[in-house]
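**Student:** Have a look at this one before I ask anything.
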Amino acid sequence: MNVLKISQKKRICFYFAVAIIMISCSTKSKSPEIVVQPLQMEVPAQMQSFSEELLSGEIADTKIHHHAFVGSSKHTITLTEGYIDMFIFIRGYGSLQSDTLKYNIEPESIAIPMGSTRRIHIEVPEGEPLHFLQFTKLLSTQDIEDLNNFPEENKYDLFFTRFADCEPYTEKIKSPNTTSRTVLPADIIPRVSLGTVEAMGPDEVGAHKHPMLDQLFLGLTDNEVVVHADSASTTFKQYELLHIPIGSSHWVSVDENKRMYYLWMDFFLTKEGQEWLKTHKPSNTDNNDYPQDEDAQ
Numbered sequence: 011m012n013v014l015k016i017s018q019k020k021r022i023c024f025y026f027a028v029a030i031i032m033i034s035c036s037t038k039s040k041s042p043e044i045v046v047q048p049l050q051m052e053v054p055a056q057m058q059s060f061s062e063e064l065l066s067g068e069i070a071d072t073k074i075h076h077h078a079f080v081g082s083s084k085h086t087i088t089l090t091e092g093y094i095d096m097f098i099f100i101r102g103y104g105s106l107q108s109d110t111l112k113y114n115i116e117p118e119s120i121a122i123p124m125g126s127t128r129r130i131h132i133e134v135p136e137g138e139p140l141h142f143l144q145f146t147k148l149l150s151t152q153d154i155e156d157l158n159n160f161p162e163e164n165k166y167d168l169f170f171t172r173f174a175d176c177e178p179y180t181e182k183i184k185s186p187n188t189t190s191r192t193v194l195p196a197d198i199i200p201r202v203s204l205g206t207v208e209a210m211g212p213d214e215v216g217a218h219k220h221p222m223l224d225q226l227f228l229g230l231t232d233n234e235v236v237v238h239a240d241s242a243s244t245t246f247k248q249y250e251l252l253h254i255p256i257g258s259s260h261w262v263s264v265d266e267n268k269r270m271y272y273l274w275m276d277f278f279l280t281k282e283g284q285e286w287l288k289t290h291k292p293s294n295t296d297n298n299d300y301p302q303d304e305d306a307q
């Protein structure tokens, strides 16, 4: 009888130990998913235009579409009141017109119709198709109030700029070899800011967290890096859209002779969260007196 009891106790201890190991392994392997979606850069034959939705449901109140227009062609895009639309042009050429404003479209440029603008016109010449992303974001009551209260110098009928023309900045998590630019500063679109990061490898953007915002990366020309988030990692290449798991400790590494070149897009959960952008300091000033909050990186 004593032998049977001892055997049963050993069996219970064994199963308990196995359960502990399984729970431990499950906990260690659990990591946030890094969602990546490649853009379809080949327009189907015989089609003059192509559209696909990207990362559906990943960013609250925001729809993302990739469009491709084949030339020569003309297109009109109608905008919806109560929303803000951002157009990010990544490949190809064309022209953009809104009322009396007209700009030449080229790769790595951005356009944001604002004010009373309700439609834009895009013309594409013969040649390479024009590829661009359209972000359509619902404006909250607070967003609309903030838009009305922004300084006059921050108000545009049509915000348009090339990435290469944007102001560079520095940040402690990036090496001196990195070129970072602010593409869309704060307080032009409520709770949204954009910028680029560019460097040749070997290099990295150091680990940091920013739980006050949702962040996307868009891989630009020749980008070929690895993105890490907590214990997860994934390759990230040109013309891919990636969602950083919110609140994760994340960083980016690039190998020798590879290029790091992506657009980051910050969608802040609250207006107060934009204080994070103070960690970005213009390149022509001293960054040493500009500390970062490690819990809000």
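According to our numbering, the sequence shown is numbered sequentially starting from 11.
For each residue, glycine too, the CB sits at the ideal point set by N, CA and C.
It should be emphasised that the depicted structure is a prediction, and the values quoted were computed from it without experimental measurement.
Where do the N-terminal and C-terminal ends of the beta strand (DSSP E) with D213 fall, by residue?
**Tutor:** Indexing the sequence shown from 1 puts residue 213 at position 203. Run containing D213: D213 to H218, per the beta strand (DSSP E) assignment.
**Student:** Closer than 8 angstroms by C-beta to S259: which residues in its own chain qualify, once you throw out the five before and the five after it? Chain order, please.
**Tutor:** For this step, residue 259 is matched to residue 249 along the sequence shown. Contacts found: A217, H218, K219, A239 and D240.
**Student:** Looking at D71: is its Cβ nearer than 8 angstroms to the Cβ of Q144?
**Tutor:** Position 61 of the sequence shown, counted from the first residue, corresponds to residue 71. Position 134 of the sequence shown, counted from the first residue, corresponds to residue 144. Against a cut-off of 8 angstroms, the Cβ pair of Q144 and D71 comes out as no contact.
**Student:** Could you tell me which residues DSSP pairs with N114 in its beta bridges?
**Tutor:** Here residue 114 refers to the residue found at position 104 of the sequence shown. Looking at the DSSP assignment, N114 forms a beta bridge with S105.
**Student:** Could you check if T280 is buried or exposed, using at least 16 other CB atoms within 10 Å of its CB as the buried criterion?
**Tutor:** Numbered from 1 along the sequence shown, position 270 holds the residue referred to as residue 280. Burial call: exposed.
**Student:** Can D265 be considered in contact with the ligand ATP, in the sense that its beta carbon sits closer than 7 angstroms to one or more heavy atoms?
**Tutor:** The ligand ATP is absent from the structure shown, which contains no ligand whatsoever.
**Student:** What is the C-beta distance between Q102 and E138, in whole angstroms, given that I count them as a contact (C-beta under 8 angstroms)?
**Tutor:** The count along the sequence shown starts at 1 and reaches residue 102 at position 92. The count along the sequence shown starts at 1 and reaches residue 138 at position 128. The amino acid at residue 102 is misidentified as Gln; the sequence shows Gly. The pair is a contact, with the Cβ atoms about 5 angstroms apart (cut-off 8 angstroms).
**Student:** Shortest alpha-carbon distance to H76 belongs to which of L89, Q47 and T90?
**Tutor:** As a first step, residue 76 must be located in the sequence shown, where it is residue number 66. The residue with the shortest Cα to Cα distance from H76 is Q47.
**Student:** May I have the straight-line CA-CA distance separating S185 from A209, to the nearest angstrom?
**Tutor:** Counting from 1 along the sequence shown, the entry for residue 185 is found at position 175. Counting from 1 along the sequence shown, the entry for residue 209 is found at position 199. When rounded, the distance between both Cα atoms is 9 angstroms.
**Student:** Which of helix, strand or coil does DSSP assign to F160?
**Tutor:** For the purposes of this step, residue 160 is taken as the residue at position 150 of the sequence shown. Coil.
**Student:** In the DSSP assignment, the beta strand (DSSP E) including I130 goes from what residue to what residue?
**Tutor:** Walking along the sequence shown from the start, residue 130 turns up at place 120. Per DSSP, I130 belongs to the beta strand (DSSP E) from R129 to V134.
**Student:** Can you check which of these residues, K268, F160, L49 and N187, is closest to H141 by C-alpha distance?
**Tutor:** Sequence index remark: in the sequence shown, residue 141 carries index 131 (1-based). It is L49 whose Cα lies nearest to the Cα of H141.
**Student:** Helix or strand or just coil, what does DSSP make of Q284?
**Tutor:** Taking the sequence shown and counting its residues from 1, one reaches residue 284 at position 274. Residue state, collapsed to three classes: helix.
**Student:** As an exercise, report each continuous beta strand (DSSP E) stretch of at least 3 residues that is fully enclosed by the stretch 189-253, in chain order.
**Tutor:** Counting only runs of 3 or more, we get 189-194, 202-210, 213-218, 223-229, 234-239 and 242-247.
**Student:** Is it the case that the Cβ atoms of I115 and F99 are separated by a distance below 8 angstroms?
**Tutor:** On the sequence shown, residue 115 is found 105 positions in, with the first residue counted as 1. On the sequence shown, residue 99 is found 89 positions in, with the first residue counted as 1. A contact, by the Cβ cut-off of 8 angstroms.
**Student:** Starting from the C-beta of M270, find all residues in its chain whose C-beta is less than 7 angstroms away, skip the five residues before and the five after it, and write them out in chain order.
**Tutor:** Sequence index remark: in the sequence shown, residue 270 carries index 260 (1-based). Excluding positions up to five away in sequence, the list reads V207, E208, A209, G211, D213, N233, V235, V262 and V264.
**Student:** Is the stretch 174-191 in contact with the stretch 125-139, if contact means three or more CB pairs nearer than 8 angstroms?
**Tutor:** no
**Student:** Between T127 and T110, what straight-line distance do the alpha-carbon atoms span, to the nearest angstrom?
**Tutor:** Here residue 127 corresponds to residue number 117 of the sequence shown, with the count starting at 1. Here residue 110 corresponds to residue number 100 of the sequence shown, with the count starting at 1. Roughly 11 angstroms between the two C-alpha positions.
**Student:** If you compare alpha carbons, which of T151, E52, Y272 and I154 is closest to L226?
**Tutor:** Here residue 226 refers to the residue found at position 216 when the sequence shown is read from its first residue. Of the candidates T151, E52, Y272 and I154, the one whose C-alpha sits nearest the C-alpha of L226 is Y272.
**Student:** Is there contact between the stretch 53-60 and the stretch 74-90, where contact requires at least three CB pairs shorter than 8 angstroms?
**Tutor:** yes
**Student:** In chain order, what residues of the same chain have a beta carbon less than 6 angstroms from the beta carbon of I256, not counting five sequence neighbours either side?
**Tutor:** The residue you call residue 256 lines up with position 246 of the sequence shown. Around I256: D224.
**Student:** Could you pull out every residue in the same chain whose Cβ sits closer than 6 angstroms to the Cβ of K73, ignoring the five residues on either side in sequence?
**Tutor:** Here residue 73 corresponds to residue number 63 of the sequence shown, with the count starting at 1. Within its own chain, the residues whose Cβ lies closer than 6 angstroms to the Cβ of K73, once the five positions on either side in sequence are excluded, are T146, listed in chain order.
**Student:** How would you call T188, buried or exposed, if buried means at least 16 neighbouring beta carbons within 10 angstroms?
**Tutor:** In the sequence shown, counting from the first residue as 1, residue 188 sits at position 178. By the 10 Å Cβ count, T188 comes out buried.
**Student:** Taking C-alpha atoms, which residue in R201, F278 and F169 lies nearest to M222?
**Tutor:** The residue labelled residue 222 in the question sits at position 212 within the sequence shown. If we check each option's Cα against that of M222, F278 comes out closest.
**Student:** What are the boundary residues of the beta strand (DSSP E) that includes Y121?
**Tutor:** By 1-based counting over the sequence shown, the position of residue 121 is 111. For the record, residue 121 in the displayed sequence is Ala; it is not Tyr. A121 -> beta strand (DSSP E) spans S119 to P123.
**Student:** Go through its chain and collect everything with a Cβ distance to N164's Cβ below 6 angstroms, but skip five positions before and after it.
**Tutor:** Walking along the sequence shown from the start, residue 164 turns up at place 154. So the list reads D197 and I198, once near-sequence residues are dropped.
**Student:** What residue from N159, V193, S243 and M124 has the CA that sits closest to W274's CA?
**Tutor:** Walking along the sequence shown from the start, residue 274 turns up at place 264. Answer by Cα proximity: V193.
**Student:** Give the straight-line distance between the Cα atoms of P178 and R172, rounded to the nearest whole angstrom.
**Tutor:** As a first step, residue 178 must be located in the sequence shown, where it is residue number 168. As a first step, residue 172 must be located in the sequence shown, where it is residue number 162. Roughly 13 angstroms separates the two Cα atoms.
**Student:** Near T90, which residues of its chain fall below 8 angstroms by C-beta distance, leaving aside the five closest residues on each side in sequence?
**Tutor:** Residue mapping note: residue 90 aligns to position 80 of the sequence shown, counting from 1. For T90, where only same-chain residues beyond five positions count, the Cβ hits under 8 angstroms are T146.
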